[in-house]
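Trainee:
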Amino acid sequence: MNEQLNANEPFDKTMLLKIARHKMPFGKYAGREIIRLPEEYLLWFVNNDGFPKGELGELMALALEIQIAGLEKIIWPLMNSKSD
Numbered sequence: 015m016n017e018q019l020n021a022n023e024p025f026d027k028t029m030l031l032k033i034a035r036h037k038m039p040f041g042k043y044a045g046r047e048i049i050r051l052p053e054e055y056l057l058w059f060v061n062n063d064g065f066p067k068g069e070l071g072e073l074m075a076l077a078l079e080i081q082i083a084g085l086e087k088i089i090w091p092l093m094n095s096k097s098d
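In this note's numbering, the protein residues as written are 15 to 98.
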């Protein structure tokens, strides 16, 4: 979570689609869309060993930043959207 969201920079649509559609592959919330992971769960990773390496960790970090900013509602329409 090194980079902060910047209101002057557009969101990466590909990453937004991924956090809306990709599912958590392990743990208590396995099978849940990344954006729907509870904020407390994401913060647990921050306060312990950090997010997993790779794309999953990047998606989890982005989901947390979006949740902290209160912008989850911009993701909901992407969850069932068929367009890529």
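Every residue, glycine too, gets a C-beta built ideally from N, C-alpha and C.
For Ala44, which residues from the same chain have a beta carbon less than 6 angstroms from its beta carbon, with the 5 sequence-adjacent residues on both sides left out?
Mentor: Against the sequence shown, residue 44 aligns to sequence position 30. Met38, listed in sequence order.
Trainee: What does Glu47 pair with, by DSSP beta-bridge criteria?
Mentor: As a position in the sequence shown, residue 47 is number 33, starting the count at 1. BP columns for Glu47 point to Lys37.
Trainee: Spatial neighbours of Leu76 within its chain, please: C-beta separation below 7 angstroms, excluding the five flanking residues on both sides.
Mentor: Residue numbering aside, residue 76 sits at position 62 when the sequence shown is read from its first letter. Excluding sequence neighbours, Leu76 sits near Met29, Ile33.
Trainee: Are the CB atoms of His36 and Glu54 nearer to each other than 8 angstroms?
Mentor: Numbered from its first residue, the sequence shown carries residue 36 at position 22. Numbered from its first residue, the sequence shown carries residue 54 at position 40. No.
Trainee: With distances taken from CA atoms, which of Phe40, Leu70, Asp63, Ile49 is nearest Lys12?
Mentor: For the chain, the structure presents residues 15 to 98; residue 12 sits outside this window and is missing.
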